[in-house]
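Asks:
Residue numbers (the numbering used here): 32 to 501.
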């Protein structure tokens, strides 16, 4: 007899969603997936606004990744105006962004996934939280939270605000670096770099321990797919460059400018969710992933000493390309190492002292730009009239592009930890953990921090026979 398992709501992710797991008459998995049940409608909200306000307005979409929207909008306006921000402006935008990456990846690794890694998937929910991490490993918790703080401080210094930056504008950036600010940022970067010998082996050790305890994650939580990431000079890049699509084997299938994204990325409506799926449309439709692991799979080079050395270790353990769901946590760690190193390069680049802004005049037309948000490729596309007013907008966020692979991972977690198992805590948390590996940003909403309320309803013949609540 068929039955259905529901997790509603799923929280401690950005936004509101629920999970369904449907079993057939014999008790085998029929289907499973993530239902996004919120609709914020920012694409419609932007219509009628002044184009030059987009970097400020779109930064309000998300409280966790505002810098991604801020700079994606700036890039789109540069394209619309037909200008290129000066080299100093691009370096300062990138410095702001490195702070953003350090902050966001620290949050994801230590605060959201950390409780599962430190305390264990089967730990009592009362201690499986950030407070439990502080009590179990106070030194690691101190360093992790300090790393997050350093990233936010860099972001705030250059961006003018920590949560919703304001300095990146059409044609460049309004922030002015001076020797005193350079000295402060350099001290933060040096402090962060000194933390890496403690942080890197600690995170790797916790991740490998989790795989030892749950070998099915290594064997069954594998989702081969195409990948998409931004490349510049054949290296990982976050705020400028071409988009590179690779297939499951890691072979490059196409590279294109973001202005041509609508030729190769196809959005489609899902009847049971407010979030759209996206496929790569090239000789057929292909599911794909974006984010740190997809970027590494596509480029395999950062161009800095420590990050490239750690990527070599990553490839030995997870393969190249890697399709292990849990290794997305490791990919964030490698990328955080690179962000710290790259920030050090930027602050000491002589070009950072040049002109930071060029004049801009909108004549109407299209503005399209992108960045690699912490969670993956983020695209802004605007239609602007001759008066500089937004007449249409399209935003493609990372989680849309990961949607199909997230659903595949939910099915794999259900197979390995739910179906046929009697441990209700494992049933609840394994599925949650598989979702957190992607750190999804549902309609780019903020994280809900704290205890994760959940309810699973098991039905038989349309009647609820059991409720599991937490």
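Built from N, CA and C at the ideal position, the CB exists for glycine as well.
On a predicted model such as this, the values are computed, not experimentally measured, just so you know.
Tell whether a beta-carbon distance below 8 Å holds between residue 123 and residue 208.
Replies: Their beta carbons are under 8 Å apart, which means residue 123 touches residue 208 by this criterion.
Asks: Tell me the residue span of the alpha helix (DSSP H) that contains residue 287.
Replies: From DSSP, residue 287 is part of no alpha helix (DSSP H) but of the beta strand (DSSP E) over 283-287.
Asks: Roughly how many angstroms separate the alpha carbons of residue 338 and residue 200, rounded to a whole number?
Replies: Near 30 Å, if we compare the C-alpha coordinates of residue 200 and residue 338.
Asks: Indicate whether residue 269 and residue 289 have their beta-carbon atoms separated by less than 8 Å.
Replies: In this structure, residue 289 does not lie closer than 8 Å to residue 269 by Cβ.
Asks: I need the straight-line Cα distance from residue 480 to residue 395, nearest angstrom please.
Replies: Any reading at residue 480 must be qualified, since the residue scores a pLDDT of 31, below 50, and its modelled position is unreliable; the value itself is stated next. Cα to Cα, residue 480 sits roughly 42 Å from residue 395.
Asks: Touch check for the stretch 113-122 and the stretch 141-152: three-plus C-beta pairs under 8 Å?
Replies: As far as the Cβ criterion goes, the stretch 113-122 does not touch the stretch 141-152, which means the pair count is below three.
Asks: CB-CB under 6 Å to residue 129, same chain, minus the five flanking residues each way: which ones, in chain order?
Replies: Excluding positions up to five away in sequence, the list reads 370, 373, 374.
Asks: Going by Cα to Cα distance, which pick from 322, 392, 182 is closest to residue 402?
Replies: Checked all of 322, 392, 182; the closest Cα to residue 402 is 322.
Asks: Taking Cβ positions, are residue 65 and residue 445 nearer each other than 8 Å?
Replies: Their beta carbons are not under 8 Å apart, which means residue 65 does not touch residue 445 by this criterion.
Asks: Per DSSP, which one or two residues make a beta bridge with residue 206?
Replies: Its beta-bridge partners do not exist; DSSP assigns none.
Asks: In this structure, how does DSSP classify residue 148 when only helix, strand and coil are distinguished?
Replies: Helix.
Asks: Taking only runs of the beta strand (DSSP E) that begin and end inside the stretch 156-196, which ones reach a length of at least 3 residues, in chain order?
Replies: The stretch 156-196 contains no whole beta strand (DSSP E) run of 3 or more residues.
Asks: Taking contact to mean at least 3 C-beta pairs separated by less than 8 Å, is the stretch 375-384 in contact with the stretch 88-105?
Replies: These segments do not touch.
Asks: Residue range of the alpha helix (DSSP H) that residue 361 falls in?
Replies: Segment 359-378, the alpha helix (DSSP H) holding residue 361.
Asks: What does a CB cutoff of less than 7 Å around residue 324 pick up in its chain, not counting 5 residues either side in sequence?
Replies: Here the set comprises 353, 358, 359, 362.
Asks: Taking the C-alpha atoms as reference points, what is the distance between residue 415 and residue 77?
Replies: Roughly 11 Å separates the two Cα atoms.
Asks: Can residue 98 and residue 136 be called in contact, C-beta distance under 8 Å?
Replies: No. Outside cutoff.
Asks: Could you compute how far the alpha carbon of residue 503 sits from the alpha carbon of residue 240?
Replies: Nothing about residue 503 can be read from this structure; the chain reaches only from 32 to 501.
Asks: Using the C-alpha atoms, what's the distance from residue 277 back to residue 259?
Replies: Using only the alpha carbons, I get a separation of about 7 Å.
Asks: Thinking just about the alpha-carbon of each residue, which of 242, 408, 443, 453 is nearest to the one in residue 471?
Replies: Among 242, 408, 443, 453, the Cα nearest to that of residue 471 is on 408.
Asks: For my contact list, residue 219 and residue 164 are in at a C-beta cut-off of 8 Å; report their separation, rounded to the angstrom.
Replies: With 8 Å as the limit, residue 219 and residue 164 do not qualify as a contact, their Cβ atoms being about 23 Å apart.
Asks: If you compare alpha carbons, which of 90, 67, 153, 82 is closest to residue 391?
Replies: Nearest of 90, 67, 153, 82 to residue 391, Cα basis: 82.
Asks: Using a Cβ-Cβ cut-off of 8 Å (strictly less than) and excluding sequence neighbours within five positions of residue 226, which residues of its own chain qualify?
Replies: These residues qualify, in order along the chain: 174, 177, 178.
Asks: Looking only at C-alpha atoms, which of 63, 206, 148 sits nearest to residue 388?
Replies: Of the candidates 63, 206, 148, the one whose C-alpha sits nearest the C-alpha of residue 388 is 206.
Asks: Taking the runs of the alpha helix (DSSP H) that are 4 residues or longer, which of them lie wholly in the stretch 387-467?
Replies: Taking only runs of at least 4 residues, the alpha helix (DSSP H) segments lying wholly in the stretch 387-467 are 429-448, 455-467.
Asks: Please name the residue, chosen from 328, 54, 294, that lies closest to residue 315 on a Cα-to-Cα basis.
Replies: Among 328, 54, 294, the Cα nearest to that of residue 315 is on 294.
Asks: Throw me the rounded Cβ distance for the residue 257 and residue 319 pair, which I believe falls under 8 Å.
Replies: That belief holds up - the Cβ atoms of residue 257 and residue 319 are roughly 4 Å apart, short of 8 Å.
Asks: For a test of the three-state rule: what should DSSP assign to residue 269, helix, strand or coil?
Replies: Coil, per DSSP.
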